[in-house]
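The letter at position 177 of the sequence shown is residue 165 when you use the working numbering, and the numbering goes up by one with no holes.
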Amino acid sequence: MKSFKNLLFENQDGIGILTMNRPAALNALNAETVGELGEALGEIGKDASVKVLILTGADRAFVAGADIKEMLPMTAAQAQAWCQAAQGVFNQLETMPQPVIAAINGFALGGGCELAMACDIRLASDKAKFGKPEVSLGIIPGFGGTQRLPRLVGKGIAKELIYTGDMIDALEAWRIGLVNKVTTAEELLPTAKAMAQKIMSRGIFAVQMAKSAIHNGLNTDLATGSNYEAALFGVTCATEDKKEGMTAFVEKRKPVFPGK
Ligand code: CO8
-11 MKSFKNLLFE NQDGIGILTM NRPAALNALN AETVGELGEA LGEIGKDASV
39 KVLILTGADR AFVAGADIKE MLPMTAAQAQ AWCQAAQGVF NQLETMPQPV
89 IAAINGFALG GGCELAMACD IRLASDKAKF GKPEVSLGII PGFGGTQRLP
139 RLVGKGIAKE LIYTGDMIDA LEAWRIGLVN KVTTAEELLP TAKAMAQKIM
189 SRGIFAVQMA KSAIHNGLNT DLATGSNYEA ALFGVTCATE DKKEGMTAFV
239 EKRKPVFPGK
């Protein structure tokens, strides 16, 4: 992978760790960073040696939002185009083959909270802070926040967070279902890696199919989603992983999945 100005990437034995790295601006998302993110995700998505991706932030922020200084002079047309470009990258994150764990180490505000919500699973350090402060700036969420937040925490809580712009701590984020787990700052990455290891020990192709079934099923009606699930279930039954997983069960041993 090429090196980026505002991102760091390493592949630790199949666990990709992608770090938002623009600490002077608390990792705020300017166009350059979002462009780099799209490029990195495109490469990682095609790299079968990365089984699970962890997304985190450098220093004291996960991502403190879209870059306010860059947005200030934007016209309506430019802002709309910027929203659509960033939404495209967030959709790319949500639909890439690998499961993505957000390890939220600090501020996850505005576009940063939206970035975390495009990941599959969210883990937070007890130092993390969440919020949708857009209305305090006279704008609304634009990177999918009005859509993903109510789907995650329900309409009423999402409206409260978006209308008030209030910041909440990690425990409150856990209580409302915005994050799956809260750890100490020291334990955040180890916990994310342990979860990644566990996911990698399963039939990873099946995990990818489950991701697709959940994502596409939630965007349609129950009957269509269930039909899609049945089709992907059929696909998993054509894999060597299925043969190994079921044979290992019958032989009372641990499976060793070939990953295909
Ligand atoms: N954009 C640009 N710069 C930022 C941002 C940001 N979102 N957040 C922090 N920074 C910069 C600060 O300006 C400061 O830079 P400098 O040292 O050059 O002045 C540096 O990061 C450090 O920040 P602070 O000194 O403010 O640090 P504090 O610890 O005092 O405060 C906070 C931390 C509370 C996180 C504070 O920085 C803050 O409130 N930041 C803004 C948070 C915010 O409002 N985020 C939402 C932005 S809007 C958004 O994300 C909408 C997404 C959809 C966009 C649609 C586009 C059209």
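No residue lacks a Cβ here, since even glycine has one placed at the ideal position from N, Cα and C. Note that this is a predicted model, so its numbers are computed, not measured.
- The count of Cβ pairs closer than 8 Å, one atom from the region 33 to 42 and one from the region 92 to 106, stays below three, leaving the stretches out of contact.
- Taking a 10 Å sphere around the C-beta of E(-2), we find fewer than 16 other C-beta atoms and assign the residue as exposed.
- For M59, the shortest separation between its Cβ and any heavy atom of the ligand CO8 lies below 7 Å.
- Around the beta carbon of K39, a 10 Å sphere encloses 16 or more other beta carbons of the protein chains shown; the residue is thus reported as buried.
- Between F118 and C101, the C-beta spacing is below 8 Å.
- Inter-segment contact for the region 202 to 213 and the region 18 to 29 is absent: fewer than three beta-carbon pairs are separated by less than 8 Å.
- Boundaries of the alpha helix (DSSP H) harbouring N204: 192 to 206, taken from the DSSP string.
- By alpha-carbon distance to G130, the top candidate from K248, T224, Q75 is Q75.
- Summarising the contact set, residues whose Cβ lies nearer than 6 Å to any heavy atom of the ligand CO8 are, in chain order, A13, L14, A16, A52, G53, A54, D55, I56, K57, M59, A67, W70, C71, F95, L97, G98, G99, P121, E122, L125, P129, G130, F131.
- When the five nearest sequence neighbours on each side are left out, the beta carbons in the same chain lying within less than 7 Å of the beta carbon of L81 are those of L29, V88, A106, C107, in order along the chain.
- DSSP places V170 inside the beta strand (DSSP E), whose first and last residues are 169 to 171.
- Comparing alpha carbon positions, the residue from G247, L14, G2, T152 closest to E228 is G247.
- For G45, no alpha helix (DSSP H) encloses it; the enclosing beta strand (DSSP E) starts and ends at 40 to 45.
- With fewer than 16 neighbouring CB atoms inside 10 Å of its own CB, E239 falls in the exposed class.
- Going by DSSP, M105 is part of the alpha helix (DSSP H) stretching over 99 to 105.
- Counting the other CB atoms within 10 Å of its CB gives K120 a total of 16 or more, which places it among the buried residues.
- Cβ-Cβ distances below 8 Å link L206 to R139, G213 in the same chain, with the five nearest sequence neighbours on each side left out; the list follows chain order.
- From the listed residues G98, Q196, V223, F237, the smallest Cα separation to L14 is found for G98.
- In this structure, T179 sits near K169, with a CB-CB distance shorter than 8 Å.
- Here T7 is near G45, since their CB atoms are less than 8 Å apart.
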